[in-house]
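First up is the structure itself, then whatever we jot down about it.
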Amino acid sequence: MNEYVDSDPARWLGLGMKQDDMTGDIKPNGNEARLNDIQGLVVGLINRLLSTNIEEIDTAIDDALASIGAFTGRDRAYVFVRHGDTADNTHEWCAAGVDPMKDALQGISMDEFHTVRDLLDKGEAANISDVRDYPETSDTRQFLEAQGIRSMLLVPMVPDGDLFGVVGFDSVSGVGFFSPSEIYLLRSFADVVTSVLLRRDSVLAVRAAQEELARERAFLQGIVSTSATGFVVLSSEGRIIYANDAAETVLGVDRDFMMGEMYNSPKWQLTDLDGKPVRNEDEPFVIVQKTGRMVQNHRVALHCADGLRYSSFNAAPIAGADGQDARVVYAVTDVTALVKAEQARALALDEARRANVAKSNFLAKMSHEIRTPLNGILGISDILAETITDKTSVQMLNVLRNSGTLLMGIINDLLDMSKIEADALELEAVPFLLSDLARRTEEVHTLRAAEKGLSFSVRIEDTIDAPRLGDPQRLTQILHNLISNAVKFTQQGYVNVWLSALDDTIIQICVEDSGIGMTEAQLQRVFAPFSQADSSISRRFGGTGLGMSIVKRLVEMMDGTIDLDSTEGQGTKIVVKLPLPVADDADDGAKRQPTGRDGNPAADITLPPLSILVADDNRTNQMILGIMLGQIGAQATMTNDGLSALERFKQGRFDVLVLDISMPGMDGVTLLNAIRTEESIRGLPRTPAMAFTANAMSHQVAAYRAAGFDDCLTKPLRREDLVTALSRLVTPRP
C-alpha cells in the first residue's frame, strides 16, 4: 500500500496515530488520546441534528459534514441515499481546492458499489486505503480515479437490515490508512443521519398524505356543496349530522331545522306516493342498518308549505372514523316533474285502456246487433237460392246476397282492425297446400271479374308442392283483400295473380292489375286505416279503407314484406313475401281435403237423421235454423228461451244442442250448465252442444268453448257452415 503524505503529522497523532522514531512513518497509536474529543464532536452532531427542524435538515447535515471533514482533515465527506437500484449523492463537503462531485453522482447504479457491497450489506465499513490496489482495468478503480479519489472510507446506513445508504470520506491529495477513530466517528454520524433522514421522510410522507387528504376533502366538499343532489348524513342512531346546500332546496327545509332531527321525526310531513304514512320498517335508514345494503330510488311525497313535491332517496352505509360507528348517507333528488309525468302517463294509459275497452265493447255490441238481422238476410237468401228459378228473381236475390256479404265484410274488417290494434289477433301455424289456396281464391273471384269483363287468372309456381306451415285463413284474407281491391279499381283490362314458392322457406304473392293506379302522394296514404287514395275513391267505389291497412298489419305480423308499385292511369303491382316454411312430415293436417262441387266442402257431406234441440229467442233465427235443418234432413225442436229448452230436454232425447248465447231469463251458458247437471243426475250420456251467437270475436268464441260448448256457430249462418259444424259433432254417413 502506498504511503500517505501529510504536511501536519501532529494532527494524525491527535487522532490516535503515532510517528515511528526510527523511520518517521505515521502509524496507529493504541492510546487514542483524542477519543474524548471525537466523542464530544459526535455528541454535538447528534444534538444538532436531532433538534433541527425538518425544513433545516439538509443544512444541518451539510454543516455536520463540514465539521467532521475539517476535524479529520479529509478532502471530501458525503452522504449517499439509496433508491432501489440506484443511489444519489445527497450531501457533500469538500476541502479547499478539491473538486465537488455531488452533481455528477446522481442516480448512479448500485452496481458501482459491487466490490464492497457484501461488506456494506452486512453493516461493515469498507476501508479502501489505496485505489491502486485494484487492477488498472478494474471498473471500480476507473470509477474512483475519475473522481480524483486515492483513498476512500464507506460506512453503511442499515436501519432495518436493508442498505439505506452510505456516508464516506475521500482522500484526494494522498493515500493513507483510515483509523478506527475515523470509522467510529463516521459510523456514529451515519446512525444519526439515518435516523434524521428517516424521520424527515416519515414526516414529509405524513404531510403529503394530509395535504392530499385536504385536497380530496376540498374537492369532495366542492362537489357536494355545488351538486344539484342533496346529501344528508345520518348518525348510527339515525340523527342528521350533515346536509349540503342542495338538501335544503330538494327537501324544502332549512339545514338548521334538519340538524339533530331523527330520520323518522314527526316533524317531517312525509308520505308515500299514495299519501299513506311510510312504515318504519320501510324507511331507507332502517333497511340499510339492518341489511348493510344500498336502497335505491325510494320515492316519497313531501307535503311542503309551497305545495306537494316528490323526492327520490338513495341510501348507502358508510363507516365512521373508528370503523365501528356505522352511518348512513342519503342522496336525495327532486323527482317532482318525473313523478307527475309518470302519473300523467299512467292516467293517459288508463284512459286509453278504458277507451279501447269501450271501443271493443261498442264493436262487439254493434257486431252482435248487425249480425242478427244479417242472419235473416243472408239466411233467407241461402234458403231461397234453393227454390227460386225465375231469372229476374235470381238476379234480385244475388243483389240481396251480395249486399249482405259486403256488409258482412265491412263488419269483419272492423273487428279485425280492432283486434290488430289491441294486439289480440293470434296467428295459427298449421299445414296447408298452396294449390288448394290458389284454387279456392280463383273460384271466389272469377265470377266478379267476369261480370266486369276483366281477364282474370291465378297461377301457381310451386315445384316443391309440399305443405306449408302458417295461417291459411289469414293468408286467404290477404289474398282476398288484394284481389278485391284490384278487381274493384280496374274497369278494363286484367287482374293477374301469381303464387310462387321461391324456396322451402319463402312464398311470394304478386297481384298485378291494369286499373286506375295511384300517384306518389296517394301511395303514402294507402296503408293508413280508414283511408282511401282520395275522397273521390270512396264516392266512386265505396269501402271502409281498412283492407290495405289490415293486409299490411297481417304481413308484418307474419314477419313478411310488402312492396307496392303503382302509376296513375296505368295500374298497380303489389308483391308480398312471407316466411312460410315447408311443414315437417310429422304434420299430418296438410293432406289434401276433398272440396266437393263449387269448392264447398259441405257439398259432399251426408248427415244421419238427427234430433236437434234449438233454443233462440229470435223468431227469424228460429225460422232460418228450422228450414236449414229441415233441408239437411234433421228434426228440429224449437224453443223460445232457456227455461223452455231445459223443460224440453227433460222430456226427450236429442243428438245435438244448438243454444243461443244471449237469451232473456237464462242465457246459453247457464242453460248448458243446467243441462249438464240434469245429465249427471239422470246418468245420461253427454249431448254435443253448439253455441249459436252473433258474438263472433275470437275471445268470445274461445270463452264459449271454455264454458263447455263443443263448437260455435256465428251469425249470419250459412248452410254449409251448419253442415260442416254438425259433421264435426256426429259421424256422417258414408
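Residue numbering for the sequence shown follows the numbering used here, beginning at -16 and increasing consecutively.
Ideal placement from N, C-alpha and C gives every residue a C-beta, glycine not left out.
Here the structure is a predicted model, which is why all the values come from computation and not from measurement.
Backbone CA spacing between Gly387 and Leu361 [nearest angstrom]: The alpha-carbon atoms of Gly387 and Leu361 are separated by roughly 6 Å.
Sub-9 Å separation of Pro592 and Ala617 beta-carbons: In this structure, Pro592 lies near Ala617, with their beta-carbon atoms less than 9 Å apart.
Whole-angstrom distance between Cys695 and Ala708, CA atom to CA atom: Across the structure, Ala708 and Cys695 are spaced so that their CA atoms are roughly 8 Å apart.
Contact under 9 Å by Cβ, Met391 with Leu430: It is not a contact, given that the beta carbons lie outside the stated cut-off.
Supposed close pair Ala230, Gly213 - CB separation, criterion 8 Å: At roughly 3 Å, the Cβ-Cβ gap stays under 8 Å, so Ala230 and Gly213 are in contact.
Straight-line Cα distance separating Phe675 from Leu612: Spanning the two alpha carbons is a distance of roughly 14 Å.
DSSP three-state assignment for Glu119, whether helix, strand or coil: Correct three-state label for Glu119: coil.
Residue of Met531, Ile489, Ala484, Gln491 minimising C-alpha distance to Gln507: Answer by Cα proximity: Met531.
Contiguous alpha helix (DSSP H) assignments of at least 4 residues, all confined to the region 127 to 215: Unbroken alpha helix (DSSP H) stretches of 4 residues or longer found wholly inside the region 127 to 215: 163 to 209, given in chain order.
Range of the contiguous beta strand (DSSP E) that encloses Phe240: Note, Phe240: premise wrong, no beta strand (DSSP E); alpha helix (DSSP H) at 238 to 241.
Minimum C-alpha distance to Val652 - residue among Thr123, Asp624, Glu495, Phe637: The shortest C-alpha separation from Val652 is found at Asp624.
For Asp693 and Leu712, the rounded distance between their alpha carbons: Spanning the two alpha carbons is a distance of roughly 8 Å.
Status (buried if at least 16 other CB within 10 Å, exposed otherwise) for Thr316: Thr316 is buried by the Cβ-count criterion.
Beta-carbon proximity check, Asp86 vs Gly131, cutoff 9 Å: Taking the C-beta atoms as reference points, Gly131 is found no nearer than 9 Å to Asp86.
Gly648: first and last residue of the uninterrupted beta strand (DSSP E) it sits in: Careful: Gly648 lies outside any beta strand (DSSP E) and carries neither H nor E.
Gln491 versus Ile557: straight-line alpha-carbon distance, rounded: Put simply, the backbone Cα of Gln491 is about 10 Å away from that of Ile557.
In chain order, each beta strand (DSSP E) run of at least 3 residues that lies wholly inside the region 415 to 502: Every unbroken stretch of the beta strand (DSSP E) spanning 3 or more residues and falling wholly within the region 415 to 502 is given here in chain order: 438 to 444, 451 to 453, 477 to 484, 489 to 496.
Pairwise C-alpha distance: Thr254 and Val236: So the two alpha carbons sit approximately 16 Å from each other.
Per DSSP, the bridge partner or partners of Ile557: DSSP output for Ile557 lists Val494, Leu547 as bridge partner(s).
contact_flag[the region 44 to 57, the region 26 to 33] where n(CB pairs < 8 Å) is 3 or more: Yes: at least three Cβ pairs fall under 8 Å.
Cα-Cα separation between Ala412 and Pro564, rounded to whole angstroms: One C-alpha to the other measures close to 10 Å.
As assigned by DSSP and simplified to three states, the class of Asp71: Strand, per DSSP.
Whole-angstrom distance between Ala129 and Glu95, CA atom to CA atom: Rounded to the nearest angstrom, the two C-alpha atoms are 13 Å apart.
C-beta contact flag for Leu127 and Glu165 at 9 Å: The answer is no: Cβ separation not under 9 Å.
Whole-angstrom distance between Met241 and Ser748, CA atom to CA atom: A query on residue 748 cannot be resolved here, the shown segment of the chain reaching from -16 to 717 and no further.
Euclidean distance between Cα positions of Asn280 and Ser295: So the alpha carbons of these two residues sit roughly 5 Å apart.
C-alpha gap between Ser440 and Met673, whole angstroms: Distance between the alpha carbons of Ser440 and Met673: 39 Å.
Local conformation of Gly13 per DSSP, three classes: Unreliable positioning characterises Gly13 in this predicted model, as indicated by a pLDDT of 47, which lies under 50. The coordinate reading is nonetheless provided below. It is coil, neither helix nor strand.
Beta carbon proximity, Ala708 to chain D, threshold 9 Å: The structure shown has no chain D; it contains just one protein chain.
Outcome for Asp468 when other beta-carbon atoms lying within 10 angstroms are tallied against a minimum of 16: One point to set straight first is that residue 468 is Asn, not Asp, in the sequence displayed. Here Asn468 is buried, its C-beta having at least 16 other C-beta atoms within 10 Å.
DSSP bridge partner residues for Ser594 (one or two, in chain order): Note: Ser594 sits in a beta bridge opposite Gln618.
Residues bridged to Asn310 (per DSSP): It is Arg, not Asn, that sits at residue 310 in the sequence shown. Partner residues in the beta bridge of Arg310, as assigned by DSSP, are Ile301.
Buried versus exposed call for Ser438 [16 or more other C-beta atoms within 10 Å across all chains shown]: Exposed is the call here.
Enclosing beta strand (DSSP E) for His281 [first to last residue]: Note, His281: beta strand (DSSP E), 278 to 287.
For Pro356, the three-state DSSP class (helix, strand or coil): In the structure shown, Pro356 falls within a helical segment according to DSSP collapsed to helix, strand and coil.
Spatial neighbours of Leu32 in its chain, beta-carbon cut-off 6 Å, leaving aside the 5 residues before and after: Answer for Leu32: Ala43, Val175, Val179, listed in chain order.
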